[in-house]
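Add 71 to a position in the sequence shown, counting from 1, and you land on the number used in this note's numbering. Report on the structure given below.
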Amino acid sequence: HTIFGSAMHETIQHFLDVMYNVTKKQALTLNLEGMLYDSLVEHFTNEKDKMEGRFPCTKEELDEFFEDGKLILEYFTKKLDKLYSKSGFELVAIEQILNAEVKPGVNFVGFIDVLLKDKTTQEYIIIDLKTSTRGWNKYQKNDKVKTSQMLLYKKFYSEKYDIPLDKIKVEYQILKRKLQENTDYSIPRISKFVPANGKPSVNRAWDGFLSFVNNVFGENGEIIQTDFPTNKGKHC
72 HTIFGSAMHE TIQHFLDVMY NVTKKQALTL NLEGMLYDSL VEHFTNEKDK
122 MEGRFPCTKE ELDEFFEDGK LILEYFTKKL DKLYSKSGFE LVAIEQILNA
172 EVKPGVNFVG FIDVLLKDKT TQEYIIIDLK TSTRGWNKYQ KNDKVKTSQM
222 LLYKKFYSEK YDIPLDKIKV EYQILKRKLQ ENTDYSIPRI SKFVPANGKP
272 SVNRAWDGFL SFVNNVFGEN GEIIQTDFPT NKGKHC
């Protein structure tokens, strides 16, 4: 899952880089399937090296994920205009790093997958790509730990570049490997999810994160306890 997620991120991010910084026509000529394949092999090899020669997955599993990825990329290019518009938008960054001190010895570090700017409204859009087996259900969408990631990105980006919170939007793009069968509804391979991200939601996310930091780390960043209550999902 991690190998696939990394490979899909790199493939789509490269496409968007070419689309916004060169031309859309040039981006559509890219061999995305070949790029995905090469990236899967690279990440598979890196993981195997870390595991001292043991295989992180079987060839059959990697083949299955590759076939799923091809379907996602096919949908991505067919529905490109619904997912990304070049008209009136600019690509600000790919893998924009956020590194902010929370307290002495403790930093928040994150990477924004895709950062766009609406040139008309001057609003910024933080996009996070999430690979998923069958998408997010209502439990995942209501999981505040899962959605807090983007709210913290919004807070730290706002503070780093002095941009008002109301000028920053957040959006998850969920890339599904498998689609539900035997249904009368057309299910998109890629769907968007925008969590509540107004100032009260950002403040709640920050309070929860800070509670974790203050309970686990001492005044100088030393770990003072490792037993911290978690939000246990229904699978637990």
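Positions of the beta carbon are idealized from the N, C-alpha and C atoms, including for glycine. Fair warning: this is a prediction, and the values are worked out from it, not measured in the lab.
| query | How is residue 193 classed by DSSP in three states: helix, strand or coil? | reply | coil
| Hey, residue 186 and residue 163 are a contact pair by Cβ (cut 8 Å); roughly how many whole angstroms apart? | 4 Å
| request: Please specify which runs of the beta strand (DSSP E), each continuous and at least 3 residues long, are wholly inside the segment 72-106, giving them in chain order. | output: With a minimum length of 3 residues, no continuous beta strand (DSSP E) run stays inside the segment 72-106.
| said: Check this for me: beta carbons of residue 203 and residue 149, under 7 Å apart or not? | reply: no
| request: Please confirm whether residue 183 and residue 146 have their CB atoms less than 7 Å apart. | output: No.
| query | What are the boundary residues of the alpha helix (DSSP H) that includes residue 171? | reply | Residue 171 -> not in any alpha helix (DSSP H); beta strand (DSSP E) instead, spanning 160-174.
| Nearest-angstrom Cα separation, counted from residue 222 out to residue 269 | The C-alpha of residue 269 lies about 9 Å from the C-alpha of residue 222.
| For residue 109, which three-state DSSP category applies? | helix
| query | Does DSSP put residue 144 in a helix, in a strand, or in coil? | reply | helix
| Okay, do the segment 223-239 and the segment 136-146 touch, 3+ Cβ pairs below 8 Å being the bar? | The segment 223-239 is not in contact with the segment 136-146.
| said: Does the contact criterion of 3 or more C-beta pairs under 8 Å hold for the segment 157-174 versus the segment 203-220? | reply: Taking 8 Å as the limit for Cβ pairs, the verdict is that the segment 203-220 does not touch the segment 157-174.
| field | Collapsed DSSP secondary structure at residue 279 in the structure displayed | value | Secondary structure at residue 279: helix, using DSSP grouped into helix, strand and coil.
| said: In whole angstroms, give me the CA-to-CA distance for residue 298 and residue 284. | reply: 12 Å
| For residue 258 versus residue 250, is the C-beta spacing smaller than 7 Å? | A distance below 7 Å separates the beta carbons of residue 258 and residue 250.
| Any idea what DSSP makes of residue 274, helix, strand or coil? | helix
| query | Can you give the Cα-Cα distance for residue 80 and residue 73, rounded to whole angstroms? | reply | 11 Å
| task | Could you check how far apart the C-beta atoms of residue 262 and residue 206 are, in whole angstroms? I think they sit under 8 Å. | result | 6 Å
| request: Would you tell me roughly how many angstroms separate the C-alpha atoms of residue 274 and residue 188, rounded to the nearest one? | output: Within the model, the alpha-carbon separation for residue 274 versus residue 188 is close to 24 Å.
| Pairwise C-alpha distance: residue 172 and residue 292 | Rounded to whole angstroms, the gap between the alpha carbons of residue 292 and residue 172 is 11 Å.
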